[in-house]
Amino acid sequence: MITVENLTKRYGGYTAVDDVSFTVRPGAVTGFLGPNGAGKSTCMRIVCGLTPATSGRATVLDRPYAALPNPGRHVGVLLDASAQHAGRTGREVLTLGAVTMGLARTRVEELLDLVGLTDAEAGRRIGNYSLGMRQRLGIAHALLGDPEVLILDEPANGLDPAGIRWMRTLLRGYADQGGTVLLSSHLLHEIEVVADELLVIGRGKIVARGPKNELMQATGTTVRSTDDPAFERVLADAGLQSVTDGDGLRVSADPAEIGALAARHGVVLTLLAPAGSAGLEDMFLRLTAADAREEVPA
Ligand code: ADP
1 MITVENLTKR
11 YGGYTAVDDV
21 SFTVRPGAVT
31 GFLGPNGAGK
41 STCMRIVCGL
51 TPATSGRATV
61 LDRPYAALPN
71 PGRHVGVLLD
81 ASAQHAGRTG
91 REVLTLGAVT
101 MGLARTRVEE
111 LLDLVGLTDA
121 EAGRRIGNYS
131 LGMRQRLGIA
141 HALLGDPEVL
151 ILDEPANGLD
161 PAGIRWMRTL
171 LRGYADQGGT
181 VLLSSHLLHE
191 IEVVADELLV
201 IGRGKIVARG
211 PKNELMQATG
221 TTVRSTDDPA
231 FERVLADAGL
241 QSVTDGDGLR
251 VSADPAEIGA
261 LAARHGVVLT
271 LLAPAGSAGL
281 EDMFLRLTAA
291 DAREEVPA
């Protein structure tokens with residue numbers, strides 16, 4: 001369990017994290033979503049005791065991170081995959097971690113195997129690693145102490161599609177066994193498959209939160225008919241907003257309401273489905289567009 005209460009971080013006159021409160025529960029993957037500069041890393045760094053908060057409180061397993069005995073045995077952290085010493089080999093980094101945490105050396109080989117770093121790769125200096133290899137090493141380092149909580153900042157950066165799938169499977173299994181996962185990303189599609197809960201942050205404030213399925217249901221319906229322009233007028237007359245979505249319409253109402261309206265007006269529907277992730281992505285962009293601090297290139 002991670003608990004954050006009224007957390008605020010100011011850099012000079014600039015508020016990077018603004019009165020943020022949330023909890024991250026065990027047995028689930030919580031996706032921490034927000035555009036670049038929204039305040040995700042700052043929150044995570046405060047939770048891990050690396051950055052002091054201006055005000056507010058953060059605890060992991062009911063204690064401030066700094067008060068955890070042998071923290072690596074309880075909390076696995078990957079904040080910046082490039083932060084490791086470039087002159088050390090991957091195996092050296094994991095061995096140092098294992099020694100610090102009082103773990104058997106065999107754990108290093110287990111983890112290298114788990115994250116798919118070969119013997120030869122483990123013997124190379126990190127300065128020569130690709131970003132994807134660094135992320136794999138970072139995940140291995142986070143998992144080394146078999147912690148109950150994982151805090152991962154943009155771990156998918158640099159992973160190829162197979163690597164992203166591998167990581168999702170790993171995190172799913174970890175959460176299903178009761179682990180607590182806080183996973184950040186600035187890309188919805190990277191975490192929507194694996195996340196059970198979503199926390200959306202924009203301009204330092206939490207702008208949406210809740211179970212992913214609920215947030216997705218709240219995002220409307222995709223509908224197609226044999227005459228969309230005519231159906232759009234029917235929707236408008238009924239006071240329902242619609243936008244063109246691919247070769248259909250997305251409507252802010254639930255499927256039953258739209259189906260009933262179509263039936264009353266004799267409209268033939270060829271598709272009627274919850275908007276799901278398309279709607280969630282719209283919501284994410286809408287919620288954060290005004291809040292983004294950096295433009296995302298088109
Ligand atoms: P995210 O992880 O969502 O991309 P960050 O938490 O890294 O966002 O940054 C939030 C904001 O705080 C950004 O505008 C960033 O420039 C600013 N910021 C982060 N760290 C510092 C720092 N050490 N000094 C000044 N500003 C900072």
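Numbering of the sequence shown is given in my numbering, commencing with residue 1 and proceeding in unit increments.
C-beta: ideal position from N, C-alpha, C; glycine also.
Own chain residues within Cβ distance below 6 Å of residue i, not counting five before or after
{"i": "F231", "result": "S225 and V267"}
{"i": "A195", "result": "V29, G31 and K212"}
{"i": "G163", "result": "G132"}
{"i": "V115", "result": "R136, I139 and A140"}
{"i": "H85", "result": "none"}
{"i": "L240", "result": "V251 and A253"}
Residues near residue i by beta carbon distance below 8 Å, same chain, minus five either side
{"i": "T15", "result": "T8, K9 and G204"}
{"i": "D247", "result": "R224"}
{"i": "N6", "result": "D19, V20, S21, S55, G56 and R57"}
{"i": "R134", "result": "A81, S82, Q84, I126 and G158"}
{"i": "R91", "result": "V108, L112, A122 and G123"}
{"i": "D62", "result": "M1 and T3"}
{"i": "I206", "result": "V20, S21, F22, L199 and V200"}
Where residue i falls: helix, strand or coil (DSSP)
{"i": "P229", "result": "helix"}
{"i": "P26", "result": "coil"}
{"i": "K129", "result": "Strictly speaking, residue 129 in this sequence is Tyr, with Lys absent from that position. Looking at Y129 - three-state DSSP - the assignment turns out to be coil, as it is neither helix nor strand."}
{"i": "N6", "result": "strand"}
{"i": "E148", "result": "coil"}
{"i": "A275", "result": "coil"}
{"i": "D80", "result": "coil"}
{"i": "G34", "result": "coil"}
{"i": "T180", "result": "strand"}
{"i": "L103", "result": "coil"}
{"i": "T244", "result": "strand"}
Inter-residue Cα distance where the pair is residue i and residue j
{"i": "V149", "j": "I2", "result": "8 Å"}
{"i": "E294", "j": "A208", "result": "Bear in mind that a pLDDT of 49 at E294, under 50, signals an unreliable position, so the model cannot answer this."}
{"i": "L159", "j": "S242", "result": "37 Å"}
{"i": "D245", "j": "A236", "result": "16 Å"}
{"i": "G72", "j": "L280", "result": "35 Å"}
{"i": "V193", "j": "S277", "result": "9 Å"}
{"i": "A298", "j": "V99", "result": "Since pLDDT at A298 reaches only 41, below the 50 mark, its modelled position is unreliable, and the value read off the structure follows with that caveat. Each residue's Cα considered, the two are about 46 Å apart."}
{"i": "R107", "j": "H74", "result": "16 Å"}
{"i": "V17", "j": "M167", "result": "28 Å"}
{"i": "G37", "j": "P155", "result": "16 Å"}
{"i": "A120", "j": "T180", "result": "32 Å"}
{"i": "L152", "j": "D254", "result": "35 Å"}
{"i": "L183", "j": "R172", "result": "12 Å"}
{"i": "N70", "j": "R286", "result": "42 Å"}
{"i": "L117", "j": "D176", "result": "24 Å"}
Nearest neighbour of residue i, chosen from the options [CA to CA]
{"i": "A273", "options": "S55, V251 and R264", "result": "V251"}
{"i": "D282", "options": "G158, S41, L188 and N70", "result": "L188"}
{"i": "L103", "options": "L143, R134 and L114", "result": "L143"}
{"i": "G123", "options": "L131, R88, L33 and R134", "result": "R88"}
{"i": "G178", "options": "N157, D146 and M167", "result": "D146"}
{"i": "F284", "options": "E154, H141, D254 and S185", "result": "S185"}
{"i": "R233", "options": "A262, Y174, Q217 and I206", "result": "A262"}
{"i": "A238", "options": "R172, M101 and I258", "result": "I258"}
{"i": "E214", "options": "L111, G173, G202 and E197", "result": "E197"}
{"i": "A256", "options": "P229, G248 and Q217", "result": "Q217"}
{"i": "P161", "options": "I191, G34 and T180", "result": "I191"}
{"i": "A53", "options": "V60, V93, M101 and Y11", "result": "Y11"}
Own chain residues within Cβ distance below 7 Å of residue i, not counting five before or after
{"i": "A275", "result": "T219, G220, T221, T222 and R250"}
{"i": "L271", "result": "T222, V223, R224 and G248"}
{"i": "T95", "result": "R105 and V108"}
{"i": "H265", "result": "V234"}
Beta carbon proximity, residue i to chain C, threshold 8 Å
{"i": "Y11", "result": "In summary, chain C is missing from the structure at hand, where a single protein chain is found."}
Examine the Cβ distances between the stretch 21 to 32 and the stretch 66 to 78 and report whether three or more of them are shorter than 8 Å. no
Any chance the stretch 36 to 50 sits against the stretch 69 to 82, with 3 or more Cβ pairs inside 8 Å? yes
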